[in-house]
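Take a look at the structure set out below.
In our numbering, the protein residues as written are 1174 to 1362.
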């Protein structure tokens, strides 16, 4: 009887873990397949740290596998990969590790990337979750802000992030790895 109960508990735990993995993969897939930037940003914010980390780690692995990178470029991508952690992706509370990463690591990392990657590569790979929304500019003036004023690149091409009273600020979802506040909108300059 004890062996039967232990086996039942083991199978139950295994089933629960499989259900949770399936559910987590489904949530991640839904975020990645969303084409509306504002909706994707909200969906992403509802993910837990493990799911957010999986998105960025998968994206980094994809960059490493699908791009013909120079040694300098791949070293930079590995440097980023080695510095991303669960704690950094917890935007529910401020923490020293996250703030240090944002103010020191990101600034130094971006200074290095300027010399080895194009602006489009930097923006689409480090500022947006995927290509579906990298070029999206919302039309609705009353929606959330879409970029971080003061960020090196929040908007791509000939767009600039400017302050506007017509959008609602958010505490995260913009800038590098979507870790920064959204404080403005992308406008043609």
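Backbone N, C-alpha and C define an ideal beta-carbon position, used for all residues, glycine too. Here the structure is a predicted model, which is why all the values come from computation and not from measurement.
As assigned by DSSP and simplified to three states, the class of residue i
i	result
residue 1311	A caution first: residue 1311 carries a pLDDT of 48, below 50, which makes its placement in the model unreliable, though a value can still be read off. Note: residue 1311 maps to coil in three-state DSSP.
residue 1269	helix
residue 1343	strand
residue 1354	strand
residue 1207	coil
residue 1231	helix
residue 1349	helix
residue 1222	helix
Beta-carbon contacts of residue i that lie in its chain and below 6 angstroms, excluding the five residues immediately before and after
i	result
residue 1303	1205
residue 1264	1345
residue 1246	1289
residue 1335	1357, 1360
residue 1244	none
residue 1271	1261
Contact under 7 angstroms by Cβ, residue i with residue j
i	j	result
residue 1347	residue 1358	no
residue 1289	residue 1326	no
residue 1298	residue 1236	yes
residue 1225	residue 1262	yes
Contact set for residue i: own chain, Cβ-Cβ below 7 angstroms, skip 5 residues either direction
i	result
residue 1355	1317, 1318, 1319, 1320, 1321, 1342, 1343, 1346, 1347
residue 1313	Interpretation of residue 1313 is limited by its pLDDT of 48, a score under 50 that renders its predicted location unreliable; the figure taken from the coordinates is listed afterwards. Closer than 7 angstroms at the Cβ level, and outside the excluded window around residue 1313, lies no residue.
Whole-Å CB distance - residue i paired with residue j, under 8 angstroms assumed
i	j	result
residue 1227	residue 1257	Residue 1227 to residue 1257, Cβ: 11 angstroms. No contact.
residue 1324	residue 1353	6 angstroms
residue 1285	residue 1249	6 angstroms
residue 1233	residue 1254	5 angstroms
residue 1259	residue 1223	7 angstroms
residue 1349	residue 1332	With a Cβ gap of about 17 angstroms, residue 1349 and residue 1332 do not count as contacting.
Cut-off 8 angstroms between Cβ atoms - residues of its own chain near residue i, not counting five sequence neighbours on either side
i	result
residue 1220	1200, 1201, 1204, 1228
Problem - In chain order, each alpha helix (DSSP H) run of at least 4 residues that lies wholly inside the stretch 1249-1301 - result: 1269-1273, 1279-1287, 1292-1299
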